[in-house]
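Accompanying notes for the structure given below.
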Amino acid sequence: MKRNYSIDLLKFFATIAVVVIHTNPFQKVDNLLGMKGKYLDLALDAFSRFAVPFFFLVSGYLFSQKMMNLKYSGQVQYYKKYMYKIGKLLVTWTIFYLLLGIILNISTNLAKGTYWRKEIFTDHTFEDVWDIIYYGINHLWYLNALIVCISIIFIVKRRYITYLLAISLALHLIGFLGQGYSVIYDLSIETRDALFFGLFYTTLGSVIGYNMERIGRWLKYPKIYLGLFFFFSLTSIVECYISTYYLEAVWKEYFLSTMIAVPALFLFSLSKPLLGRGSYLTKIGSKSVGIYVIHMLFVKLTIHLFFLLGTDGLDRSITWQMVYTPVVFVTAYLAYEGLQIVKRFFAKKKLDISN
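In this text, residue positions in the sequence shown follow my numbering: the first is 326, and each later residue adds one.
Here you go:
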């Protein structure tokens, strides 16, 4: 399988989009060029919602591309290796963020002068077991969902993948009742998960991966696909605005427009496979998962530091809001690279000792 550089390039922008979602730029600014900053934050948040579906779609595509070139025994081995890699990442960072939650709770209660032992395990530090296993902790839900989605695709196999696509589409449409369209019928469950959200995009990516020979003839229109992406990303902003201020939806984490915007963006990447070759941005994009899991550390630490210092006014300044998101992204990337250096150092030490 030839490397598609544009996928990694787009993963770079998708990772920035995830950071935008979690940093909420300009949300607290009262006056931004004559309007409240929350409206710009809403637009940025809605536009950025392409990111996680894109990750799911890419994961399904790459998984199927690998599987179709392996015999059954090789497929099983690859699946086990895939699950081990994602599972190890999930368990490690789940423990890390649970411990971080405890530490921040202790610090918060000490700062308040309250009896911290009483509240050490509250504030969502330990959700019940089902939430941790299925929904995950904070942003790590993506890894939980990816494990479920890839496992289902592996079990279903190529022969029945189109049936799975139809089922996942139906589930995804139902999932909107737990999002911005809950005014039609309130599903009253979390639908930003594997079955209602991730499975559709992962399966779609897998279908594309298994049928590249037939899809290849549709890859002659990159400008059209890019145009569709931007158009439906803009309509997702309209959807988000209507859901927020007219339908009064509580959850607005994916939209109908996303169902067209994300596949269009992915088809664009397939039609321009060499885009981004040799670019440093592409190199960073190839490490998107690492940046994804670590960036919330710096978001949480920043919020906690503001609380301890009592600098409520600073996070309302336009200057801060302009630099906050880029700083979190760059810091997360540097931290990830630092971790890789440490891992290589200890791996070398272990190798030297064994020799």
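Glycine included, each C-beta is placed from N, C-alpha and C at the ideal position.
**Report entry** Residue nearest to residue 633 in terms of C-alpha spacing, selected from 371, 432, 414 and 394
**Finding:** In the sequence shown, the residue the question calls residue 633 occupies position 308. For residue 633, the nearest C-alpha among the options comes from 432.
Query - Cβ separation of residue 531 and residue 388, assumed to be a contact under 8 Å, to the nearest whole Å - result: Translated into the one-based positions of the sequence shown, residue 531 becomes position 206. Translated into the one-based positions of the sequence shown, residue 388 becomes position 63. Approximately 6 Å separates the beta-carbon atoms of residue 531 and residue 388; this is inside 8 Å, confirming the contact.
Query - Cross-strand partners of residue 360 (DSSP beta bridge) - result: Translated into the one-based positions of the sequence shown, residue 360 becomes position 35. In the DSSP output, where bridge partners are listed per residue, residue 360 has 357.
**Report entry** Straight-line Cα distance separating residue 614 from residue 334
**Finding:** Position 9 of the sequence shown, counted from the first residue, corresponds to residue 334. Position 289 of the sequence shown, counted from the first residue, corresponds to residue 614. Distance from the CA of residue 334 to the CA of residue 614, rounded to the nearest whole angstrom, comes to 13 Å.
Query - C-alpha distance - residue 544 paired with residue 366, whole-angstrom precision - result: To locate residue 544, count along the sequence shown from 1; it is residue 219. To locate residue 366, count along the sequence shown from 1; it is residue 41. So the two alpha carbons sit approximately 34 Å from each other.
Query raised in the report: residue 418 to residue 623, Cα distance in whole Å?
Result: For the purposes of this step, residue 418 is taken as residue 93 along the sequence shown, with counting starting at 1. For the purposes of this step, residue 623 is taken as residue 298 along the sequence shown, with counting starting at 1. Approximately 14 Å, taken between the alpha carbons.
Query - Straight-line Cα distance separating residue 395 from residue 405 - result: Numbered from its first residue, the sequence shown carries residue 405 at position 80. Numbered from its first residue, the sequence shown carries residue 395 at position 70. One C-alpha to the other measures close to 14 Å.
Query raised in the report: In angstroms, rounded to a whole number, what distance separates the CA positions of residue 349 and residue 606?
Result: Taking the first residue of the sequence shown as 1, we reach residue 349 at position 24. Taking the first residue of the sequence shown as 1, we reach residue 606 at position 281. Their backbone Cα atoms lie some 23 Å apart in a straight line.
Requested in this report: Indicate the three-state DSSP secondary structure (helix, strand or coil) for residue 574 in the structure shown.
Outcome: Stepping through the sequence shown from its first residue, residue 574 is reached at position 249. The answer is coil: DSSP assigns residue 574 none of H, G, I, E or B.
Requested in this report: Run the CB neighbour count on residue 665, radius 10 Å, all protein chains shown included, and call it buried at 16 or more, exposed below.
Outcome: For the purposes of this step, residue 665 is taken as residue 340 along the sequence shown, with counting starting at 1. Residue 665 should be labelled exposed.
Requested in this report: Return the CA-CA distance between residue 567 and residue 392, expressed in angstroms with no decimal places.
Outcome: Sequence index remark: in the sequence shown, residue 567 carries index 242 (1-based). Sequence index remark: in the sequence shown, residue 392 carries index 67 (1-based). The straight-line gap from Cα to Cα measures roughly 42 Å.
Query raised in the report: Out of 536, 465, 577 and 584, which has the shortest C-alpha to C-alpha gap to residue 495?
Result: In the sequence shown, counting from the first residue as 1, residue 495 sits at position 170. The candidate whose alpha carbon is nearest that of residue 495 is 584.
Query raised in the report: Which value, in whole angstroms, describes the spacing of the CA atoms of residue 464 and residue 565?
Result: Residue numbering aside, residue 464 sits at position 139 when the sequence shown is read from its first letter. Residue numbering aside, residue 565 sits at position 240 when the sequence shown is read from its first letter. Each residue's Cα considered, the two are about 20 Å apart.
**Report entry** Three-way DSSP call (helix, strand, coil) for residue 350 in this model
**Finding:** Position 25 of the sequence shown, counting from 1, holds the residue named residue 350. Residue 350 falls in the coil class under three-state DSSP.
Requested in this report: Pick helix, strand or coil for residue 462, following the three-state DSSP scheme.
Outcome: Position 137 of the sequence shown holds residue 462. In the structure shown, residue 462 sits in coil (DSSP, three-state: anything other than H, G, I, E or B).
Query raised in the report: What residue range is occupied by the uninterrupted alpha helix (DSSP H) comprising residue 434?
Result: Here residue 434 refers to the residue found at position 109 when the sequence shown is read from its first residue. Residues 397-437.
Query raised in the report: Are residue 385 and residue 516 touching if we call contact CB-CB under 8 Å?
Result: Translated into the one-based positions of the sequence shown, residue 385 becomes position 60. Translated into the one-based positions of the sequence shown, residue 516 becomes position 191. Not a contact, by the Cβ cut-off of 8 Å.
**Report entry** Beta-carbon spacing of residue 641, residue 370 below 8 Å
**Finding:** Taking the first residue of the sequence shown as position 1, residue 641 is located at position 316. Taking the first residue of the sequence shown as position 1, residue 370 is located at position 45. Going by C-beta atoms, residue 641 is not nearer than 8 Å to residue 370.
Query raised in the report: Which residues in the same chain have their Cβ closer than 7 Å to the Cβ of residue 341, if we skip the five residues on either side of it in sequence?
Result: For the purposes of this step, residue 341 is taken as the residue at position 16 of the sequence shown. So the list reads 654, once near-sequence residues are dropped.
Requested in this report: Taking all protein chains shown into account, decide if residue 628 is buried (16 or more other Cβ within 10 angstroms of its Cβ) or exposed.
Outcome: Taking the first residue of the sequence shown as position 1, residue 628 is located at position 303. Per the 10 Å Cβ criterion, exposed.
Query raised in the report: What three-state label does DSSP hand residue 601 in the structure shown?
Result: Translated into the one-based positions of the sequence shown, residue 601 becomes position 276. Residue 601 carries a coil assignment under DSSP once its states are collapsed to helix, strand and coil.
Query raised in the report: Taking just the CA atoms, how far does residue 586 sit from residue 600?
Result: Residue mapping note: residue 600 aligns to position 275 of the sequence shown, counting from 1. Residue mapping note: residue 586 aligns to position 261 of the sequence shown, counting from 1. One C-alpha to the other measures close to 19 Å.
Requested in this report: Assign residue 360 to buried or exposed, taking buried as 16 or more other Cβ atoms, counted over all protein chains shown, within 10 Å of its Cβ.
Outcome: To locate residue 360, count along the sequence shown from 1; it is residue 35. With fewer than 16 other Cβ atoms within 10 Å, it is exposed.
Query raised in the report: From what residue to what residue does the alpha helix (DSSP H) around residue 525 run?
Result: Within the sequence shown, numbered from 1, the residue matching residue 525 stands at position 200. Where residue 525 is concerned, the enclosing alpha helix (DSSP H) stretches over 524-535.
Query raised in the report: By Cβ distance, which residues of its chain are closer than 6 Å to residue 422, with the 5 residues on each side in sequence left out?
Result: Residue 422 sits at position 97 when you count from the first residue of the sequence shown. So the qualifying residues of the chain are 462.
Query raised in the report: Considering only residues of the same chain and omitting the five flanking positions on each side of residue 507, which have a CB-CB separation below 6 Å?
Result: Residue mapping note: residue 507 aligns to position 182 of the sequence shown, counting from 1. Correct list, in chain order: 574.
**Report entry** Rounded C-alpha distance that separates residue 534 from residue 434
**Finding:** Position 209 of the sequence shown holds residue 534. Position 109 of the sequence shown holds residue 434. Whole-angstrom Cα-Cα distance: 51 Å.
Report task. Rounded to whole angstroms, what's the CA-CA distance from residue 345 to residue 512? Just pull it up for me. Result -> Residue 345 sits at position 20 when you count from the first residue of the sequence shown. Residue 512 sits at position 187 when you count from the first residue of the sequence shown. Cα-Cα distance, rounded: 28 Å.
Query raised in the report: Beta-carbon separation of residue 502 and residue 468 under 8 Å?
Result: In the sequence shown, the residue the question calls residue 502 occupies position 177. In the sequence shown, the residue the question calls residue 468 occupies position 143. Contact: no.
Query - Cβ separation of residue 547 and residue 596, assumed to be a contact under 8 Å, to the nearest whole Å - result: One-based indexing of the sequence shown puts residue 547 at position 222. One-based indexing of the sequence shown puts residue 596 at position 271. Cβ-Cβ separation between residue 547 and residue 596: approximately 4 Å, consistent with a contact (criterion under 8 Å).
Requested in this report: Write down the C-beta distance between residue 721 and residue 557 rounded to the nearest angstrom, noting that I regard them as a contact closer than 8 Å.
Outcome: One cannot answer for residue 721 here, as it falls past the ends of the chain, which runs 326 to 680.
Query raised in the report: Just to confirm, are residue 493 and residue 471 a CB contact at a threshold of 8 Å?
Result: As a first step, residue 493 must be located in the sequence shown, where it is residue number 168. As a first step, residue 471 must be located in the sequence shown, where it is residue number 146. No, these two residues do not count as a Cβ contact at 8 Å.
Query raised in the report: If we count the other Cβ atoms within 10 Å of its Cβ and call it buried at 16 or more, is residue 398 buried or exposed?
Result: What you label residue 398 is simply residue 73 of the sequence shown in a count that begins at 1. That one is exposed.
Report task. Check the C-beta distance from residue 619 over to residue 649 and give it rounded, since I have them as a contact under 8 Å. Result -> Within the sequence shown, numbered from 1, the residue matching residue 619 stands at position 294. Within the sequence shown, numbered from 1, the residue matching residue 649 stands at position 324. Going by Cβ atoms, the distance from residue 619 to residue 649 rounds to 16 Å, so no, they are not a contact pair.
Query raised in the report: Is residue 507 helix, strand or coil by DSSP?
Result: The residue you call residue 507 lines up with position 182 of the sequence shown. If DSSP states are grouped into helix, strand and coil, residue 507 belongs with coil.
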